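Going letter by letter, the sequence shown gives residues 74 to 416 in our numbering.
Below is one structure, written out as structure tokens; the observations come after it.
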Amino acid sequence: MKSPNLDPQSWVLVALGVISMACVPLRTVGEVGKAQEVIPGVWFHEGDLGRKGHCNNGWVIFKDYILVIDGNFPGGALEVIPKIKATSANPIRFAFDTHHHGDHAYGNQTWFEQGATIVAHQGVMDELRKYEPALFGGGPGRWEDEATKREDVARSKLRAPSLLFPKELAFDDGKRRVELHWFGVAHTHGDGFAWLPKERILFTGDACVNGPYNYMGDGNSAQWIQTLEAARALNPKIICPGHGLMGGIEILDNQLAYFKALRSAVSDLAVSGKTAVQAKESVDGIKAKLQQQEPIAKYIGGMFASQVEKVWVDLGGKPFESATVAPATRPKSDAEVLAKLSP
Ligand SMILES: [Zn+2]
């Protein structure tokens, strides 16, 4: 199928349409903005990405408190808090940032004001030091940039996590257990997964998404595959991704298959001695080839050219800017991509 020339927003709408039409597997169902009870006491909420740039959230109700998965933007947090409160009278005691991106961590202050401690892998703090220097006494970073575009960000303030884990951290009340894991570099250098071992439910953040939402600029495409394979080894039954609908293990398998196919196509270019200019010129050809593979076609969207370039660079190639043709548009962060997708 030849791809129509759509802007990123239309790509998302098309992708969402394709996903909703393809909702055959029983569990791959849901509705943006509607809380879904995955199992009793465990909830999933698909954020309004297309219009508001919101990420997905999860929450787990323990005996005495609630653990929220992902900080979202401040507006996303404010939208989901009443929905959480409608499911339990327990206090929201912890909010877990799956990674440092604005749509997953800029709502930290909002959760803090609810009484929550912000939890994350140590790598989230390292990424914040890199991309949010103002938080550590330096100049403006991504937050300040985003605050010029989003009112909810401008009205709030950036708050770093204060409970950090090196590789694992468990929440366990004797009945319910949630383990936070870091399996390696993926979408960023600090991607945490939330894992319910008894129920085999995995919250992945943006290390695994269900649709054309893979921003690759802050991670590493080779290590990303290894990290997803480590997550796959848990043998999860239900996947709650960072963006897109929840579903079964097929979401993780499709995400892995997409990266493998992308890496393989780009590495063919490298092996055959192509230049950066030629690699850039191959983008449409690779896209057409991958679009023929039904399970992974839905991962192809407005960021495809920058994904090819990232893999090319990960394989040792020069950025496409060094090519003599016009440089690709290179988003700096999820937040920037999402801002572009917002009307
Ligand atoms: Zn992200």
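Ideal placement from N, C-alpha and C gives every residue a C-beta, glycine not left out.
Every value quoted in this text rests on a predicted model; they were computed, and no experiment measured them.
Which value, in whole angstroms, describes the spacing of the CA atoms of residue i and residue j?
i: K125; j: A220; result: 14 angstroms
i: V386; j: P392; result: 6 angstroms
i: V105; j: E119; result: 5 angstroms
i: K360; j: I373; result: 7 angstroms
i: V141; j: G389; result: 39 angstroms
i: M94; j: K371; result: With a pLDDT of only 35 at M94, under 50, the local geometry of the prediction cannot be trusted, and the value read off the model is given with reservation. Each residue's Cα considered, the two are about 12 angstroms apart.
i: V115; j: H173; result: 23 angstroms
i: V381; j: E217; result: 29 angstroms
i: F185; j: S345; result: 53 angstroms
i: N293; j: T261; result: 8 angstroms
i: A168; j: V192; result: 6 angstroms
i: G317; j: G375; result: 15 angstroms
i: V440; j: A295; result: As displayed, the chain neither begins before 74 nor continues past 416, which places residue 440 out of reach and without an answer.
i: G278; j: E354; result: 32 angstroms
i: Q63; j: A306; result: For the chain, the structure presents residues 74 to 416; residue 63 sits outside this window and is missing.
i: T171; j: G263; result: 8 angstroms
i: V339; j: A352; result: 8 angstroms
How would you write the range of the alpha helix (DSSP H) that residue i sits in, first residue to last?
i: R202; result: Q195 to Y204
i: G423; result: Summary: the structure shown does not reach residue 423, with the chain confined to residues 74 through 416, and so no result is reported for it.
i: F332; result: E323 to V344
i: E104; result: That residue, E104, is in no alpha helix (DSSP H); it is neither H nor E in DSSP.
i: L122; result: L122 to K125
i: A349; result: A349 to E354
i: G175; result: G175 to A178
i: A220; result: R215 to A220
Go to residue i, then tell me how far its beta strand (DSSP E) extends in each direction, as first and last residue.
i: D245; result: E241 to D245
i: F167; result: I165 to F169
i: I373; result: Premise fails: I373 is in no beta strand (DSSP E) and is neither H nor E.
i: F117; result: V115 to H118
i: N181; result: No beta strand (DSSP E) contains N181, which is instead part of the alpha helix (DSSP H) from N181 to E186.
i: W131; result: With the sequence shown as reference, residue 131 is identified as Gly, and Trp is not the correct amino acid for it. Element bounds for G131: N130 to I134.
i: L140; result: I139 to I142
Given residue i, which residues of its chain have a CB within under 6 angstroms of its CB, disregarding the five upstream and five downstream residues?
i: L269; result: V251
i: C313; result: F117, G131, F276 and M319
i: R273; result: P309 and K310
i: Y331; result: I369 and Y372
i: Q328; result: C281
i: I157; result: W132
Ordered along the chain, which non-local residues of its own chain (more than five positions away) have a Cβ less than 8 angstroms from that of residue i?
i: R100; result: Here the model assigns R100 a pLDDT of 47, short of 50, so the residue's position is not dependable and the matter cannot be decided.
In chain order, what residues of the same chain have a beta carbon less than 7 angstroms from the beta carbon of residue i, not counting five sequence neighbours either side?
i: I324; result: C281, N283, I312 and P314
i: S161; result: I134 and I139
i: E205; result: G214, R215, W216 and L231
Complete alpha helix (DSSP H) runs within the stretch 226-310 (minimum length 4 residues, chain order)
Segments of the alpha helix (DSSP H) lying fully in the stretch 226-310: 294-305.
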